[in-house]
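Student: Input: one structure, supplied below.
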Amino acid sequence: MRPKWRKGRGTVFGALSVGALMVGLLALATMIAATVLQARRLTAMDATSQAGLALSLRSVEVPGREFVPYVVAAQVDPDSAAERAGLSRGDVLVGVGGSAVSRPDEVWDALGKLGPGSSTVSWIPKPEKLWGTLRAVVHPERPGELGVTLAAVPVGSPAERAGLRPGDALISVAGLPVTGTRQAWELVVGAVRQGPQVLTLVIERGRERQELAFDPIVQGEIPFQPELWRAWGRFLTRIGDPRYPERAGLLSALVGSLLVVGVMALFAFPLGVGAAVYLEEYASQNWFTEVLQVLIANLAGMPSAVVGIFGLEIFARSWGLGRSVFAGGLTLALLVLPMTIVAAREALRTVPRWVREAAASVGATPWQVIRFHVLPYALPGIFTGIILALARALGEAAPLLLLGAFLYVTYVPQSLLDSFTIVPLQIFDWATKPQDGFAELAAAAILVLIAMHLVLNSIAIVLRNRYQRRWA
Amino acid sequence: MPASNPLSRQAGPGAPPALFRPPSGRSTKERLIRSIFLACGLLAIVITLAAAGMLAGGSVPFFQRVSLGEFLAGLKWSPLHEPSSYGVLALIADTLVITGIALLVALPLGLLSAVFLSEYANFRLRQVVKPILEILAGVPTVVYGFFALRFVTPLLQRTFLPQLQFWNGLSAGLVMGIMILPLVASLSEDVLFAVPRGLREAAYALGATKFEVTARVVVPAAFSGIGAAFILAMSRAIGETMIVALAAGRTPAWPPNPTQPMLTLTTTIVNIATGDHEATAFIWSALFALGLLLFLTTLVLNVASHLIVRRFRQRYA
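Protein sequences, first through last, are from chains C and G.
Counting with our numbering, you get residues 8 to 479 for the letters of the first sequence.
Counting with our numbering, you get residues 67 to 383 for the letters of the second sequence.
Here's what the structure looks like:
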């Protein structure tokens, strides 16, 4: 009989080993889930862009409270929903559907919570629409001191509603002294962003000081339409504007990736399969093939950064191909060539020796044996290897980063000598941008990349399971 | 990735000897085809030699100005500030610290997962999990880099390491550990599974429990193969570029401190290659010297791993 503790120890160990596998798989599942969650904001981002808006984060310095962030409409498209609602470029968004917003992220989150339909957006208009052009004039009685006065108050502006008139001099906003024309507006933004909606304004009219209640906020209805699939469709099919994340797109990177991988496939796969056929079917075992094998094995283990140095020096600089699609494809070919050779050799090796012997014994020439007997059986295995190599190449960023591929291009490469970017590098670029919205773009592009990866790998697995022959 | 998996079970003992030696002049077509395939093989060899030769040749001007001792033992890497210095010791230290963190994550988890798959899981579970591991092993590394930068670092900062910097070696290392985990698990599982049944059955016959068979017989028997898998994982971690370029930062740290930004060999290469230098600048030759160092390091590790596996196979063939 085994003592109990011996069994208990085994159970603990078994549980531990299951746990280890679970931890690994869970970490990766978390990673994918977090990416999906992050990419979710893409819909709301697209909705603001479709309403004609591009947002940008600014901040204002408030005495005693460092920097207060605010979100400004950086672009308002002509004849868009946002423009029809009365928004214009330079207006500061302070509320969306009832929630206060201080950065683009919060605007998109608010929209995400609201769902489709009209939402009430409130904003502080830019200075010209808030109170018209301000003039800095020398104080009539205290020379050497500047006074800020209203020139002409626009009709229907918050200033007019509050009863301000041309010629009024601004003394203080919410208790803070006005010292300049731009600064006066920033005081309004800073004060509103900190809470109160109605500010106390001290003005000088004639010689008389007056206190006015000033409500700088304007409201409008913007019909936002968050549409998940259309948002993704637009993300994938536009080149976009790299400055604003809600307008950026993945098209040039997708085309760049396909072109580069296409060039790579053209060079790496015929060469790799050819070398494998030579090594497996023609070469005899001698020092030459031995050396070749060792070299190929080492090339396969070469860090991708070293492959990148090679591409940069040989293809980009010596051959003068620069940062072109062609140079990128050749560099990637260098990376996947050994993988292809190894995979094709393994596939050829699974074809039993007697197949070759049987064919040869009825008079087939070596090429006929290969062409009609070995290759047909080895082909599924070779294709599996090729597809896995494609998957690897699509995700590889380091060699092309070294080659000097651009991180963002605002065009679709037209020829093989055009410069390009690829999806992984686009992700690299977006991931390092600190502004709101770019992490979401990176997450969305990652989902695209992972989807391509999964599709290619699934094809490879199906191919392997379905067509792999078991030789008795 | 099964195709390039050097420990793959399918790989036979080597290429079978050639069957055919066509008599000369029998058919020009046959000879032509043969020479086409030979050319493919030769091109592969030329490319490999060119890569190694370019690294060696390109770093000659570098080592004419910077002595090998200064390069390998120097602590300060500041090629752009006068007086410039080209010591890589700090870079190597940073690389090793990040690799060490990665291995601390990947080795125990990977080995235990492999033990589970090989000794405890039934056939059908293995059939499902193995392809998943292969797919995970191929997830693009830029994805892991994004994860380290945008999720792991903020998570650590919020929980128990508030002093962690935005760029740091710790989260890069942790995530790199997750990245090489499938590789370690898959390779170790291969060697564990290759341990002959007879050894297990003999131990069972002596009354050993499953745990004892696993821990005292199977794992020790596969020890060298597991070691080879670890070495290969280490080589992968040292050569990894995108995770560290995204998450570890671009400033060298001495002494190495994983909560601070760290600069590895690979990120230094990225820095030089993407920097705006004139075509004749001396710094380009530093690129080759660093590349050569990286290439030789991973080469030694890969060859060591390869040799260990071959010995392992011979023992149980």
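For each residue, glycine too, the CB sits at the ideal point set by N, CA and C.
Computed from a predicted model, the values in this text were never measured in an experiment.
(1) Would you mind telling me which residues of chain G sit closer than 7 Å to C:VAL284, beta carbon to beta carbon, in chain order?
(2) Is the beta carbon of C:THR50 sitting closer than 8 Å to the one on C:ALA238?
(3) Can you check which of these residues, G:PRO324, G:ARG282 and G:PRO174, is closest to G:THR161 by C-alpha distance?
(4) Please name the residues in the stretch 344-363 of chain G whose beta-carbon is closer than 8 Å to at least one beta-carbon of chain C, in chain order.
(5) Run down chain G in chain order and give the residues with a C-beta less than 8 Å from the C-beta of C:GLY281.
(6) Using a Cβ-Cβ cut-off of less than 9 Å, give me the residues of the stretch 307-320 of chain C that come near chain G, in sequence order.
(7) Under 7 Å Cβ-Cβ, which residues of chain C neighbour G:HIS372?
(8) Between C:GLY174 and the rest of its own chain, which residues show a CB-CB distance below 8 Å, the 5 nearest in sequence each way excluded?
(9) Extract the residue ranges of the beta strand (DSSP E) inside the stretch 104-187 of chain C, only unbroken runs of 3 or more that lie entirely within it.
(10) Within its chain, find whatever has a CB closer than 7 Å to the CB of C:VAL83; leave out the 5 residues flanking it on each side and keep chain order.
(11) Just to confirm, are C:GLY392 and C:ALA351 a CB contact at a threshold of 8 Å?
(12) Around the C-beta of G:SER101, are 16 or more other C-beta atoms found within 10 angstroms, so that it is buried, or is it exposed?
(13) Is there a Cβ of chain C sitting closer than 8 Å to that of G:ARG216, yes or no?
(14) Run through chain G and tell me which residues come within less than 7 Å of C:MET38, C-beta to C-beta.
(15) Using a threshold of 8 Å, state whether the C-beta atoms of C:LEU243 and C:GLU288 are closer than that.
(16) Can you tell me whether DSSP reads G:SER125 as helix, strand or coil?
(17) Determine contact between the stretch 67-80 of chain C and the stretch 192-206 of chain C, defined as no fewer than three beta-carbon pairs at a distance below 8 Å.
(18) Which residues, in chain order, does the stretch 12-34 of chain C contribute to contact with chain G at a C-beta distance below 7 Å?
(19) Does G:ILE99 get closer than 8 Å to chain C when you measure Cβ to Cβ?
(20) If you measure from the beta carbon of C:PHE413 to each beta carbon in chain G, is any gap under 8 Å?
(21) Beta carbons nearer than 9 Å to chain C: which residues of the stretch 114-144 of chain G have them?
(22) Which residues of chain G have a Cβ atom closer than 9 Å to the Cβ of C:TRP361, listed in chain order?
(23) In terms of alpha-carbon separation, which member of C:TRP437, C:LEU382 and C:TRP236 lies closest to G:PHE212?
(24) Can you give me, in chain order, the residues of the stretch 365-379 of chain C that have a beta carbon less than 8 Å from any beta carbon in chain G?
(25) Using a threshold of 8 Å, state whether the C-beta atoms of C:ALA404 and C:THR347 are closer than that.
(26) May I ask you to report which of helix, strand or coil DSSP gives C:GLU234?
(27) Which value, in whole angstroms, describes the spacing of the CA atoms of C:GLY240 and C:ALA46?
(28) Exposed or buried, C:TRP115, counting other C-beta atoms within 10 Å across all chains shown (16 or more means buried)?
(29) With 8 Å set as the bound, which would you pick, yes or no: does the beta-carbon of C:TYR384 sit closer than that to a beta-carbon of chain G?
(30) Can the beta-carbon of C:ARG216 be found closer than 8 Å to that of C:VAL209?
(31) Pull up the distance between the alpha-carbon of C:ALA275 and that of G:PHE103, whole angstroms please.
(32) Enumerate, from N- to C-terminal direction, the unbroken alpha helix (DSSP H) stretches of 4 or more residues contained entirely within the stretch 367-444 of chain C.
(33) If you count every other CB in all the chains shown that lies within 10 Å of the CB of G:ILE164, and 16 or more means buried, which is it?
(34) Taking the alpha-carbon of C:ASP452 as reference, which of G:ILE113, G:LEU298, G:VAL209 and G:LEU146 has the nearest alpha-carbon?
(35) Is there at least one Cβ from chain C nearer than 8 Å to G:ARG379's Cβ?
(36) Below 8 Å on C-beta distance, what does G:TYR186 contact in chain A?
Tutor: Reading off the structure:
(1) PHE103
(2) yes
(3) G:PRO324
(4) ALA345, LEU353, PHE354, GLY357, LEU360 and PHE361
(5) ILE102, PHE103, ALA105, CYS106 and GLY107
(6) ALA307, GLY308, MET309, PRO310, SER311, ALA312, VAL313, VAL314, GLY315, ILE316, PHE317, LEU319 and GLU320
(7) ALA304
(8) THR156, LEU157 and ARG212
(9) 124-131, 141-145, 153-157 and 176-180
(10) GLY59, LEU60, ALA89, GLU90, LEU94, SER95 and ARG96
(11) yes
(12) exposed
(13) yes
(14) PHE213
(15) no
(16) coil
(17) yes
(18) ARG13, LYS14, ARG16, GLY17, PHE20, GLY21, LEU23, SER24, VAL25, ALA27, LEU28, VAL30, GLY31 and ALA34
(19) yes
(20) no
(21) THR114, LEU115, ALA116, ALA117, ALA118, MET120, LEU121 and GLY124
(22) Going along chain G, no residue has its Cβ under 9 Å from C:TRP361, so there is no contact; the nearest lies around 11 Å.
(23) C:TRP437
(24) ALA367, THR372, PRO373, TRP374 and VAL376
(25) no
(26) coil
(27) 14 Å
(28) buried
(29) no
(30) yes
(31) 14 Å
(32) 373-376, 382-402, 405-410 and 430-439
(33) buried
(34) First, the residue type needs correcting, since residue 452 of chain C is Ala and not Asp in the sequence shown. Of the candidates G:ILE113, G:LEU298, G:VAL209 and G:LEU146, the one whose C-alpha sits nearest the C-alpha of C:ALA452 is G:VAL209.
(35) no
(36) This model lacks chain A altogether; the protein chains it does include are C and G.
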